[in-house]
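Student: So the protein lines, in turn, are chains A and B.
If you count the first sequence from 1, position 15 lands on 12 in the numbering used here, and the numbers rise without skipping.
If you count the second sequence from 1, position 190 lands on 178 in the numbering used here, and the numbers rise without skipping.
Positions of the beta carbon are idealized from the N, C-alpha and C atoms, including for glycine.
Quick caveat: nothing in here was measured; it's all calculated off a predicted structure.
One structure is given below, represented as structure tokens, and several questions about it will come after.
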Amino acid sequence: MSDNQQTKRDAAIDALYEEAAHWELNTGGETIHAKRMPGRWRTRKWWADAFWLIFFFGPYLRWGDRQAVLFDIPNRQFHLFGVTVLPQDIWMLALLLLFFAILLAVVTAVVGRVWCGFFCFQTVWTDLFTWIEEKLEGPPAKRRKLDKAPMDFHKFRIKLIKHLLWLLIGFLTGVSFVAWFTDAYQLWYDIFTLNLSVVAASTIALFTAGTYGLAGFMREQVCFWLCPYARIQGVMVDNTTAVPTYDFHRGEPRGRIKKGQKDQNRKLGDCVDCGQCVAVCPTGVDIRHGQQEGCIMCALCIDACDAVMEKVGRPTGLIRYESLDELNGKETRPIYMRPRVWIYTAVLTLALAGIGYGLLSIDAIEIKVLHARQPLYVMQSDGSVQNKYTIKILNKLDQDVDVKISATGPKGLVLVGADKPVYAKRSKVTPRTLFVRVPRQNLTSETVPIVFHATGRTRDGKQFASERESVFIGPR
Amino acid sequence: MADKNPFPGENNTGHIWDDNLRELNNPPPRWWMIAFWVSILWWIAYGIIYPMWPALPGGTGFTKGVTGWTAMKEYKEGVAEVQEVRAPFEKKIASMSAADILKDEGLAEYTVASAKVLFGDNCAACHGSGGQGGPGFPVLADDDWLYGGDINTIVQTITMGRKGMMPAKGGAELSAEEIDSLAKSIVAGKVTENPLFVAKGCIGCHGPDGKGMKPLGSANLTDQIFRFVPVNGETQLDSVKYTITHGVNFPGDPKSRVAEMPSFGDRLSENDIKKLAVYVYKLGGGQ
């Protein structure tokens, strides 16, 4: 091998390593202390954060003598203000999940990771935790210094208060979560009298530890390495999606401003390489590298850049919400011309319509009819055929009611066991075994349809009814 | 290996081959290492709390764990829990007659649910899982009963068992034509119109109306239900002729039909028999 070739090879290898050295992998080795700057997007972020107040205060709303919204798992009931949903109507939950899944998709397709940047609990709780950190320890530079300083009474006091506050928020998060599943006031009473159930106590403990660990320490690491949505959302973004983008046409080549230099003499782009966009980033990425997995699209860099642009007397919007196509001067279609948006919207509408229909059409009672399979039919001594049915009456009312059962079907049908009405307990399924006899000569085929009717009146005289078709089976 | 690191300031381990191939040290993130050690601690704690190491030397079996947990204990606790739920019902059943249980709607519902297993273990082999009977075994779900379908009779039938008897009439007593004639009128449900019914003494057991006698367990010959249903491609007529010819449980005829319900009085507790009686009653034919 000649010397020349050897040097070439060495150079190639060096280049390889150089590339790897510049690829920064944020694995949480260093705590990111993001700077806080006021601005349009910062304000909006606060409003989005405030959305989570519902989570904290929602459980204390009352409706009549119970909690307004309560997921009562032991009793298998879900109360939503005036409506009570039983497991039998749980298909609406599927539609609700579909609705939110598609909402996530449509929002991401149009304006990027709004969920991640503004509404996600990880983002919001981290925002709150770092806010507390800033109030106690000061701006990022001071925080870094404090982290490095040796432990003394002053540092210990600050850190102790911070961690206690974090734990308190974690605890309140746990209590609020549990409060959606059990009576909120009773829960607090149980907490103060140390009477918590094991499930409630361990859930609160888990949430306290989870909140403390995830928002206090893991922070952006969750978005980088734990969260599946972060990766899925990246797939939903395309060239037409408006996301916080650095306008490299205008900004490059970047360079620092020299003191005393006249603006017209500057040959560089608008980016003054002040690094403010990186300083404010809660995940520590550089937006000027373009779109990347670490960017949760919180738009805080837009605030930072705009503030700097105003200071140095250049137009704002060097970093702005813009799609890649627009940035490159390509013609872009408006939102309503994009099939993706149309399809998402159609699914959204369908899911909403389904939920609306479901909530409006919840019946007072619902019956199910189970035809006995073993045996399918029994011959009687008078030559008639007997079938056995189990009628299951689901009472969705808030009171116990008497339900009368009748049946219509082949001629000469006799219903046995339905003389007394069924006493259906509220929010429960009450079964009743019934027999139906039909003279054999009246059966036109092996199976004939039969319809069971359940009717009754509530205490205030309102009538309700439900019916269900089944089959009557006879010999061939 | 070089004495001096030719690539200072880089996070290599100092292991360098072929001049410039070097091993870098990129440790996993701290949180990952914490999780790694915590899971090992978890494993150690688990081994202390629960049984873990099998086949200890010295024949001591296995480590028992400080809590003394065993799967068997957990199972027994589960059973005890279920029995606690059942106890009030079982106590009530013990103090009531089957007829009274039947009148108490809630208790009857419990009884039917809890007797399902008993029925499967003791009755279903002959009478079918739904009481639908089988070749040679009576249907329990219809309204035709040899000994009566009221609850007390059902209790008695289960406790004592049943073994009825019908003498074989073939050969000396009835000619082939007479048997044919009787069988045809039985299948048509009009045996009382056949003079042979009275003349040949059928009336003695099956009664003047041909509906059978409950204390004897003699069959009702006028309805649409037959104690012995045709098997192997024979017709109902063949089946009836066979019964008349060879009888039922008749010691004098080795081809006589076998029909015996064993007694369960010494196999099942009184409570279980009550439960089964209610269950059978509720199959669809109770009277």
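Strictly below 8 Å CB to CB, what residues from chain B border F432/A?
Tutor: G272
Student: DSSP state of H19/A, grouped into three classes?
Tutor: Only weak support is given to the placement of H19/A: the predicted model assigns it a pLDDT of 49, under 50, and the question is left unresolved by the model.
Student: Among R37/A, Q119/A and M89/A, which one has its Cα closest to the Cα of R216/A?
Tutor: Out of R37/A, Q119/A and M89/A, Q119/A has the C-alpha closest to the C-alpha of R216/A.
Student: Count Cβ pairs between the segment 73 to 87 of chain A and the segment 189 to 197 of chain A that sit closer than 8 Å; are there 3 or more?
Tutor: no
Student: Let me know if H19/A comes out buried or exposed under the rule of 16 or more other beta-carbons within 10 Å of its beta-carbon.
Tutor: At H19/A, the pLDDT of 49 sits below 50, so the modelled position is not reliable and the matter cannot be decided from this model.
Student: Just how far apart, CA to CA, sit R317/A and L324/A?
Tutor: 10 Å
Student: Output the distance between the C-alpha atoms of G137/B and I261/B, rounded to the nearest integer angstrom.
Tutor: 15 Å
Student: For L128/B, which residues in the same chain have their Cβ closer than 6 Å to its Cβ, ignoring the five residues on either side in sequence?
Tutor: So the list reads H115, G119, V268 and L271, once near-sequence residues are dropped.
Student: When you check each C-beta in the segment 370 to 395 of chain A against every C-beta of chain B, which residues fall closer than 8 Å?
Tutor: R370, Q371, P372, V375, M376, Q377, S378, D379, G380, Q383 and K385
Student: Along the segment 84 to 97 of chain B, what residues have a CB closer than 9 Å to any CB found in chain A?
Tutor: Those residues of the segment 84 to 97 of chain B placed with their C-beta closer than 9 Å to a C-beta in chain A are E93 and E97, ordered along the chain.
Student: Among I232/B, H3/B and P17/B, whose alpha-carbon lies nearest the alpha-carbon of E11/B?
Tutor: H3/B
Student: Got a sec: is the Cβ-Cβ distance from S117/B to anything in chain A below 8 Å?
Tutor: yes
Student: By the 10 Å Cβ neighbour count, where 16 or more other Cβ atoms means buried, how is L162/B classified, buried or exposed?
Tutor: buried
Student: In chain order, what residues of the same chain lie with their CB nearer than 7 Å to the CB of E(-2)/B, ignoring the 5 residues before and after it?
Tutor: none
Student: Give me the chain A residues within the contact set of A129/B, using Cβ-Cβ distance strictly less than 8 Å, ordered along the chain.
Tutor: P372, V375, Q383 and K385
Student: Excluding the 5 residues preceding and the 5 following D180/A in the sequence, name in chain order all residues of the same chain whose CB lies nearer than 7 Å to its CB.
Tutor: Hits under 7 Å: Q64.
Student: Counting contacts by CB-CB distance shorter than 8 Å, is G167/A in contact with chain B?
Tutor: It does not; no Cβ of chain B falls within 8 Å.
Student: Starting from the C-beta of G231/A, find all residues in its chain whose C-beta is less than 7 Å away, skip the five residues before and the five after it, and write them out in chain order.
Tutor: Here the set comprises E290.
Student: Terminal residues of the continuous beta strand (DSSP E) containing R454/A?
Tutor: T444 to R454
Student: Starting from the C-beta of T55/B, find all residues in its chain whose C-beta is less than 8 Å away, skip the five residues before and the five after it, and write them out in chain order.
Tutor: I37 and Y38
Student: Between N259/B and the rest of its own chain, which residues show a CB-CB distance below 6 Å, the 5 nearest in sequence each way excluded?
Tutor: Taken in chain order, the residues that qualify are I81 and A82.
Student: With which residues is H76/A paired in a DSSP beta bridge?
Tutor: L67/A and T81/A
Student: According to DSSP, is G458/A helix, strand or coil?
Tutor: If DSSP states are grouped into helix, strand and coil, G458/A belongs with coil.
Student: Among all the DSSP beta bridges, which residues are the ones paired with T205/A?
Tutor: Partner(s): none; T205/A has no beta bridge.
Student: What are the boundary residues of the beta strand (DSSP E) that includes R434/A?
Tutor: V426 to P436
Student: Taking only the alpha-carbon atoms, compute the straight-line gap between V217/B and G124/B and give it to the nearest angstrom.
Tutor: 7 Å
Student: Can you name the residues that DSSP bridges to A421/A?
Tutor: V398/A
Student: If you measure beta-carbon to beta-carbon, which residues of the segment 218 to 232 of chain A are closer than 7 Å to chain B?
Tutor: Q218
Student: Pick helix, strand or coil for T24/A, following the three-state DSSP scheme.
Tutor: coil
Student: From R456/A to V398/A, what does the alpha carbon distance come to, in whole angstroms?
Tutor: 8 Å
Student: Can you look up Y333/A in the DSSP assignment and give me helix, strand or coil?
Tutor: helix
Student: Please tell me whether G159/B and G205/B are closer than 8 Å, where the distance is taken between their beta carbons.
Tutor: no
Student: For S463/A, is the classification buried or exposed, using 16 other Cβ atoms within 10 angstroms of its Cβ as the cut-off for buried?
Tutor: buried
Student: I want to see whether chain A comes within less than 8 Å of D132/B, judged by CB atoms only; does it?
Tutor: yes
Student: According to a CB-to-CB cut-off of less than 8 Å, which residues of the segment 298 to 319 of chain A neighbour chain B?
Tutor: none
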